[in-house]
Each structure stands twice: as structure tokens, then as C-alpha cells.
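These notes are about the structure you will find just below.
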Amino acid sequence: MRQVLIPQQLDDLPSELPRGNVVTLDGQTMGTTWSVRYVDSSQLSAAEVNQVVTRALDQVVQQMSTWLPDSDISRFNQAVPGTALTLPAEFASVLSTALAVASLTKGCFDPTVGRLVDIWGFGPQGAAPAFPDEAQVQLALAESGWQKLHYDATQHILVQTGCLTLDFSGIAKGYGVDQVARALRQLGVQHYLVEVGGEFYGTGMKPDGQPWWVALERTRETHEVDEYIVALHGLGLATSGDYRRYFEHGGRRYAHTINPATGWPVEAAPVSVSVLAESCMEADAWATALTVMGLQRGLDFASAQGWAALFTVRTETGVQQHATLKLQEMLQ
């Protein structure tokens, strides 16, 4: 069954239909793919728009990819204790949001889990040579913790206090989406849909008057449950799922989302958590935090915050979905 979500933001759609053709661009970034659909109402060629989009994404990678040894985040991670780095404005914006979400969620989202990500084989070094033992996990935990960061948000100065490893994999893709959207607006593009690795931001509408419809991500495992589609206008959409990156050991699945409290991959994680927010960066970070919390705690927390979220979970009787009140209010 298909469920249709109509956010309140759709009331602000312009009454006049956009003129022009829908242009589609795509490419690769951050180990995944990106796509942009926009109504071409300017004098810019598709090649020029593609160049602007690529530049915006490349900037995010150059600053925040742990896969690049010379990126800003890698320079911090490799710095000796006591080193102070002045961060680029974009990096500083992501770090400030990451720390705000970490504080709000009491550490369920933590941008300093890089050491844990590495020992579990989800970092740039690839698969771990052996399954981590508890001693390794505890050592990596001791080298983690967002509250250990010394950051001057006013001056954008970050100090490496010793062995902390930043990892923005739970927020950078969403920020990349927002940066592309910002770049399109600066070009004068008013109607567009941006996607990076299954995360979206859309605004405006197509020339036929239809909004940008996007389906909340599903897998083969979840095809038995309802399909949700949402009209994106001034909204970002992000999904965190345990099916994207995982390995199996001893008959158990270990997914890439790490619980910062235990140092282990999240146990009994939801199949997926999808979140709608005014920025894709926030939706990305919130979806990660809610995955760590799990169904009941996460559903209660998201509801208390007024977030629009959909949890898909495995039960003994099959896959089930649970939506927050904010999401339910969008149902048509």
C-alpha cells in the first residue's frame, strides 16, 4: 500500500508554474552517486551547472573525507596532541551541528567515533584483519568522546587533545546535499531536487505543477510493508539503514552504525530510520542518532522533539513500521 506524505511547507509553493525543461545531471562522490534534477530557466548550460555542483561536492570531500590523507579532517586526525587547527567555514559549520546533535541526543550521535569505525572495519583502511576483542573496543572508546573536543566555535579553532579521531560519515552526505542546493540557489535555480547516496533535498516544483516526489528508501526485506512517498519542498530527507554496510560473524550481522556508549555496532538496530528536516544535514545526523537509540527510545525521543521520522523494524512476526505524530500529520 502506498502512503502519501504532504508536508505543510507545500502550502508555500508559488502559484505560477516554472517555465523550462527538467534537466538531469549525475555523477559520483563520497564513494556513492549523486544526481540533480532542476528546471532550466536560466542562461546557464547544463555543463556549467554540472561544474558548480561538482565543485560544491569536491569541497566537502576535500574538507571532510577520512579517505583523503590530505583532507582537513585527516589532518586533524593525524595531528600530534596540542596541535591547533583553524577550520574552514564549511567544516566548522558541520562540526558545530554535529556537536549540537551530540549534546541534544546525549552522545547517541558522536562525531569522534572514528577510532571505533576503524577497528570494526568500516573506515578507510577497510575490513579489520580480525574480529575486535573487548580490550580493543575499550581502548578505542577511551580515544573517543565528543566532550573531549576542545573547539572554539567563534574562532573556528579545533585543538587535537590526543588521539581523537573525527568521523563525519553520519552527517557529511547530508551536508553535501545542502551545499549543492545552496549552490543551485546562488545560480538562480528555484526548482530542483538534489540527491547524494539516497539522501535528498527538494524545493519548488516541475513545469507540470507536480512537486518533487521521493519514496522513502526500502529494501527487498521491507517490500511487504507500506511504501511512503513525500513531496519535498524546502525539506531534506535522510535514511539510516543497517543494510547498507555490514558484515556477518558468528551468525550475526554487524552493521556500520556504532553505538558510542558501548563501542559496538548497534544491537537489534532498526532496518531503517528515515527523517524529514529543514536541512538534509540535520536529517542525516538525526537519523543516525535515532538508529543508535533503537525503536522505543528513538520513537519517544523523536516524538518529543517534534521530528518527522519513520522507523522500520524486524519483529518475530515480520517487518513493522512506526511513525512519529509529526509524520502521521502529513498523511493524506
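End of the sequence shown sits at 869 in our numbering; the numbers just go up one at a time, nothing left out.
Built from N, CA and C at the ideal position, the CB exists for glycine as well.
Considering only heavy atoms of the ligand GDP, does any lie closer than 7 angstroms to the CB of residue i?
i, result
"V810", "For the ligand GDP, the structure offers nothing, since it holds no ligand at all."
Identify, in the order they occur along the chain, each residue of the same chain with its Cβ nearer than 6 angstroms to the Cβ of residue i, setting aside the five sequence neighbours on each side.
i, result
"Y566", "Correcting the residue type first, residue 566 is Thr in the shown sequence and not Tyr. Cβ within range, chain order: L594."
"T620", "Q697"
"Q727", "G741"
"G773", "Y738, A814, S816, C817, A820"
I think residue i touches residue j, with their Cβ atoms under 8 angstroms apart; what is that distance to the nearest whole Å?
i, j, result
"Y712", "V597", "6 angstroms"
"P744", "R556", "7 angstroms"
"T634", "I543", "Their Cβ separation, rounded to whole angstroms, is 27 angstroms, which puts T634 and I543 out of contact at 8 angstroms."
"H770", "F659", "No, H770 and F659 are not in contact; Cβ-Cβ is about 34 angstroms, not under 8 angstroms."
"V654", "F646", "Not quite, the Cβ-Cβ distance comes to about 13 angstroms (not below 8 angstroms), so this is no contact."
"A846", "V803", "A846 to V803, Cβ: 16 angstroms. No contact."
"A790", "Y783", "Note on residue identity: the sequence assigns Arg, not Ala, to residue 790. With a Cβ gap of about 5 angstroms, R790 and Y783 count as contacting."
"L753", "V767", "7 angstroms"
"A805", "A814", "So it is not a contact: roughly 25 angstroms between Cβ atoms."
Looking only at its chain, what residues have a beta carbon closer than 7 angstroms to the beta carbon of residue i, apart from the 5 residues adjacent to it on each side?
i, result
"G699", "P618"
"T849", "T759, V762, P807, V808, S809, V856, Q858"
"L862", "S840"
With DSSP as the reference, identify every bridge partner of residue i, one or two as the case may be.
i, result
"V856", "R851"
"D607", "Answer by DSSP bridge pairing: none, since D607 is not bridged."
"A845", "L813"
"P625", "The partner list for P625 (beta bridge, DSSP) is empty, contrary to what the question assumes."
"A752", "I766"
"G739", "L730, L772"
"N558", "D577"
"R722", "For R722, which the question treats as bridged, DSSP gives no partner whatsoever."
"T570", "Q565"
"R539", "E764"
"V650", "T702"
With distances taken Cα to Cα, identify the nearest neighbour of residue i among the options.
i, options, result
"T603", "S633, T702, S572", "T702"
"T776", "G741, G682, S706", "S706"
"S778", "V829, L730, A637, T569", "The question names Ser, yet the displayed sequence has Gly at residue 778. Closest by alpha carbon: V829."
"V631", "A616, K643, T649", "T649"
"T825", "I694, T642, Q723, Q747", "T642"
"Y688", "L622, R719, G564", "L622"
"Q675", "L562, T799, L547", "T799"
"P625", "L636, S608, N614", "S608"
"I610", "D704, G734, E736, Y575", "D704"
"N558", "V576, Q684, S552, Q662", "V576"
"R851", "A860, S578, L832, G843", "L832"
"M601", "A616, A629, V589", "A629"
"S640", "L686, L695, E736, P748", "L686"
Tell me which same chain residues have a C-beta within less than 8 angstroms of the C-beta of residue i, skipping the five on either side of it?
i, result
"Q716", "A593, L594, Q596, V597, E627"
"R612", "L622"
"Y561", "Residue identity differs from the one stated: residue 561 is Thr in this sequence, not Tyr. Once the five neighbours on either side are set aside, the close Cβ partners of T561 are S572, V573, R574."
Any chance you could list the beta strand (DSSP E) runs of at least 3 consecutive residues sitting entirely within the region 652-715, in chain order? 687-689, 694-696
Can you give, in chain order, each stretch of the beta strand (DSSP E) that sits fully within the region 762-843 and has at least 3 residues? 764-769, 772-778, 783-786, 789-792, 809-814
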